[in-house]
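Numbering (this note's numbering), first residue to last: 72 to 165.
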C-alpha cells in the first residue's frame, strides 16, 4: 500500500492530498497500438488464453532475455572464480 507522498514508489506530485491513502496492485492500465498480425502471432506463440496474458508473457520473456544477456556479458570476468576449463575438469574427475 502506498501512502500520500509517494506514487508507485516515486515522489508524489504537489497535487496529491496529504493524509490520503492510495493503493497500487502492481499493474498499470496502458493504451497502446499493437499491429493486429503481431498480436495474433504472440497469442499463438505463447499459447495465451487472452491478449493481456500474451503481452505480459512477451514482456516477461523479453526482460528475462535482457537479464541473461547482461549475465552473459559478465561471464568469466570475475577474478578468483573457477574458469570454464577448471569447472569441466572438476565435473569430469568426480
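Where a beta carbon is used, it is the ideal one built from N, C-alpha and C, also for glycine. Note that the structure is a prediction, hence the values are computed from the model and not measured.
Straight-line gap, residue 159 to residue 153 (C-alpha atoms, nearest Å): 10 Å
Under the three-state DSSP convention, the category residue 164 falls into: coil
Integer Cβ distance of residue 117 from residue 128, believed to fall under 8 Å: 4 Å
Helix, strand or coil at residue 103 according to DSSP, with G and I counted as helix: coil
Burial state of residue 125 (16 or more Cβ within 10 Å): buried
Cutoff 8 Å: residue 120 Cβ touching any chain D Cβ: Annotation note: the requested chain D is absent from the structure, which comprises a single protein chain.
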